[in-house]
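A.B. asks: In mature numbering (1 follows the signal peptide of the UniProt record, and there is no 0), the protein residues as written are -22 to -1, 1 to 728.
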């Protein structure tokens, strides 16, 4: 983003206000109050967005920081690839590519290059798998060659499902290339305006339209079936810019270059080139049938706590409908009834990188909509469906344990991280829930009163934002960040909260805490102040409407993939990632509880649906039992994905290689929602195949706090053994002994 555009955006955000709020979670002004959160443009120096066009469509909105395509706009001059799936896309305008006349937009079908690690992390399970970023097919323009300055690219628009990019050259100001990069796109499309197309393949061309190709040969057509010497097949179409269809005016003449791997147009071109990979599961005849319908974006809308829609934007005549791919977790949810005008072509499949096989769907009608449905009800409350009976609570001395935990010293460091402090806050809030359970305390309300007084006192710095490093409103991207990274000029402090890492993890703990206070202490005199801050945190992570100009719509959660991305605005070569599925679901759970506790039915519904969609995706991609049909057989023996990148699954964590960390980070915090996401069968398999064999388990390492998480989780399968260990084991810093035993003691009672 250019300097003027950055500051123009900053000013517009400060001045912008709307009379219609939509689903922004605010009833008053949308402007984040500067009296509560100071405004900063410090990220302009620390990690500014690159390649964001200063258009009306971008300047009036907050910049999405954690979207799958946001590698394109990270603070890096050379952006890594992005993975819309089933394709991967790379945009190259670097000096080195310019020097060799190889700038452009590159495409690959990455599944063909899948590779597995040589090392095994568990019996029969490789440590990681990944894919090559080879440029199998590059779109460029002759006008970009041999100029004094390289071309540049910008993201000029975005939707919930993708982004629009443009390549331009100041040496040829009237010409450009443009592409809409969209999740699940069946074809990759590049629009040319007053530019001469050049397509470069990674290997030599063998045939075009079933005829042998040779250097210098010329091909004139609107459809080109290209086969390379290594057996790869692509279908290429020329679509008219004016009509959005193939007709005689779309005829394109391409010549094969001397190196046998380039196709160069004879003249400047105004139109669209569409390409798709062809194989046995994706036949060319299907592509031919739907080639005139181009997806340009997609937007999600939550219609209830059990349903949501994707509305696909398209161009072209769309004679037979839109061909689009869906991920496995969507296949069981998409409405394909006659009235939906959506038809499954389940025999047509292409592979994604890390989300398994993608299935084709055709969507018809003037407005092209996917309607997706989730179960109508699930057991979600503040309390577990299997909380302990009065006799079970008495057998575990839960009353005396609770009183001891409430009487202990509670501290939340004024200079601590928002993540670590949030874990402490939720730990204390959970004690108050126990103190409200008559099965534990009978009719004694003293523990609850004392717990609530201590809780509201210890979270006072969050209410007034009086931390050593207060939360600030970032006017560059649009969001709430830790000011610590700005003050110390360090993007890594506070787990990268300043550069938008892990906001859903960090803020979820605080939202949960606020939900408990609203539920148990509705007369608290500072409740309006607390809720003012908490609503800002929720808007930062999950404002559900583009009408909010101060925060991007659903910063972390990707409704198409069914899960969140943790990584913010620094580049990652393997794409956006997520590590802790349990902390992700904790945010959705907290949002659901908070919405219910303040009487916001819409927020409660969105939070509940987030839980359902997320749980389906986590059980498909992240938490792998022996019946998993999505991830590679060579990997599912690990049971958990580890770090889940767009291009790679890595059985690891960012902070440790210990297996108890790799698995334990998928268990925190211990809450009632854990039982909904982590099935009993999965827990049993994970324990029997991996966790039970770890040295800290076989020779109980009671001083290792990770052991408390492993056994709190294992209580679902073997409550008796788990309770014995939980009596004395060192505890995770977000877990109290009374809560650990409380959650374990109720298992098996539902």
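Virtual Cβ for every residue (Gly too), placed ideally from N, Cα, C.
#1: Below 8 Å, how does it come out for the stretch 175 to 190 and the stretch 104 to 117: are there three or more Cβ pairs, yes or no?
#2: Let's test the definition: count the other Cβ atoms within 10 Å of the Cβ of residue 493 and tell me whether it reaches 16, buried, or not, exposed.
#3: Is the beta carbon of residue 412 sitting closer than 9 Å to the one on residue 720?
#4: May I ask you to report which of helix, strand or coil DSSP gives residue 532?
#5: Let me confirm a value: residue 324 is counted as buried when at least 16 other C-beta atoms fall within 10 Å, else exposed. Which label applies?
#6: Could you tell me whether the Cβ atoms of residue 459 and residue 654 are closer together than 9 Å?
#7: Tell me the rounded alpha-carbon separation between residue 725 and residue 661.
#8: Look up residue 170 in the DSSP assignment and say whether it is helix, strand or coil.
#9: Could you check the C-alpha separation between residue 131 and residue 616 for me, to the nearest Å?
#10: Within 10 angstroms of the Cβ of residue 607, are there 16 or more other Cβ atoms? Answer buried if so, exposed if not.
#11: Buried or exposed for residue 699, please, with buried defined as at least 16 other CB atoms from any protein chain shown within 10 angstroms of its CB.
#12: How big is the Cα-Cα spacing for residue 590 and residue 291?
#13: Buried or exposed: residue 558, going by 16 or more other Cβ atoms within 10 Å of its Cβ?
#14: I'd like to check one pair, residue 243 with residue 233: are the Cβ atoms closer than 9 Å?
#15: Measure from the alpha carbon of residue 792 to the alpha carbon of each residue in 102, 198, 145, then state which is nearest.
#16: Can you tell me which of the three DSSP states residue 718 falls into?
#17: Check the Cβ-Cβ distances between residue 406 and every residue of chain B, and say whether any is below 9 Å.
#18: Which one of 508, 605, 693 has the shortest CA to CA distance from residue 14?
#19: Kindly confirm or deny that the stretch 272 to 290 and the stretch 185 to 197 touch, where touching means at least three C-beta pairs closer than 8 Å.
#20: Measuring alpha carbon to alpha carbon, tell me which residue in 139, 52, 637 is nearest residue 279.
#21: Whose CA, out of 624, 673, 601, lies closest to the CA of residue 658?
#22: The alpha helix (DSSP H) that contains residue 659, what's its start and end?
#23: Alpha carbon to alpha carbon, how far is residue 320 from residue 299? Give it in angstroms, no decimals.
#24: Considering Cα atoms alone, identify which of 154, 635, 334 is closest to residue 81.
#25: Out of curiosity, what's the CA-to-CA distance linking residue 79 and residue 125?
#26: At 3 residues or longer, and completely inside the stretch 152 to 210: list those beta strand (DSSP E) runs for me, N to C.
#27: Closest to residue 434 by C-alpha separation, out of 479, 491, 484, would be which residue?
#28: Three or more C-beta pairs closer than 8 Å, one from the stretch 30 to 50 and one from the stretch 451 to 465: is that the case here?
#29: Leaving out five residues on either side along the sequence, give the residues of the same chain with a beta carbon under 6 Å from the beta carbon of residue 614.
#30: Measure the CB-CB distance between residue 65 and residue 163 and report whether it falls below 9 Å.
#31: If contacts are defined as beta-carbon pairs under 8 Å, then residue 47 and residue 625 qualify, I think. What distance do you get, rounded to the angstrom?
#32: Checking 9 Å against the spacing of the C-beta atoms, do residue 183 and residue 167 come in under that value?
#33: Note down the Cα distance separating residue 463 from residue 469, rounded to an integer number of angstroms.
#34: Three or more C-beta pairs closer than 8 Å, one from the stretch 416 to 432 and one from the stretch 517 to 529: is that the case here?
#35: Can you tell me which of the three DSSP states residue 732 falls into?
#36: Quick one: is residue -20 buried, meaning 16 or more other Cβ sit within 10 Å of its Cβ, or exposed?
C.D. replies: A quick look at the data gives this:
#1: yes
#2: Buried.
#3: yes
#4: coil
#5: exposed
#6: no
#7: 13 Å
#8: strand
#9: 40 Å
#10: exposed
#11: exposed
#12: 26 Å
#13: Residue burial is scored here from C-beta neighbours: residue 558 has at least 16 other C-beta atoms within 10 angstroms and is therefore classed as buried.
#14: yes
#15: Here the chain comprises residues numbered -22 to 728, so residue 792 is not present and cannot be evaluated.
#16: helix
#17: Here there is only one protein chain, and chain B is not present.
#18: 508
#19: no
#20: 139
#21: Taking each of 624, 673, 601 in turn and checking the Cα distance to residue 658, the smallest one comes out for 601.
#22: 658 to 667
#23: Separation of residue 299 and residue 320 (C-alpha to C-alpha, rounded to the nearest whole angstrom) is 9 Å.
#24: 154
#25: 9 Å
#26: 154 to 160, 166 to 173, 175 to 179, 183 to 186, 196 to 199, 201 to 206
#27: 491
#28: Contact between the stretch 30 to 50 and the stretch 451 to 465 is present: 3 or more CB-CB pairs across the two stretches fall below 8 Å.
#29: Excluding residues within five positions, the ones whose Cβ falls inside 6 Å are 602, 606.
#30: yes
#31: Between residue 625 and residue 47 the Cβ distance is about 13 Å, and since that is not below 8 Å, they are no contact.
#32: no
#33: 5 Å
#34: no
#35: Residue 732 lies beyond the residue range present for the chain, which begins at -22 and ends at 728; the question has no answer from this structure.
#36: Since pLDDT at residue -20 reaches only 46, below the 50 mark, its modelled position is unreliable, and no value is offered.
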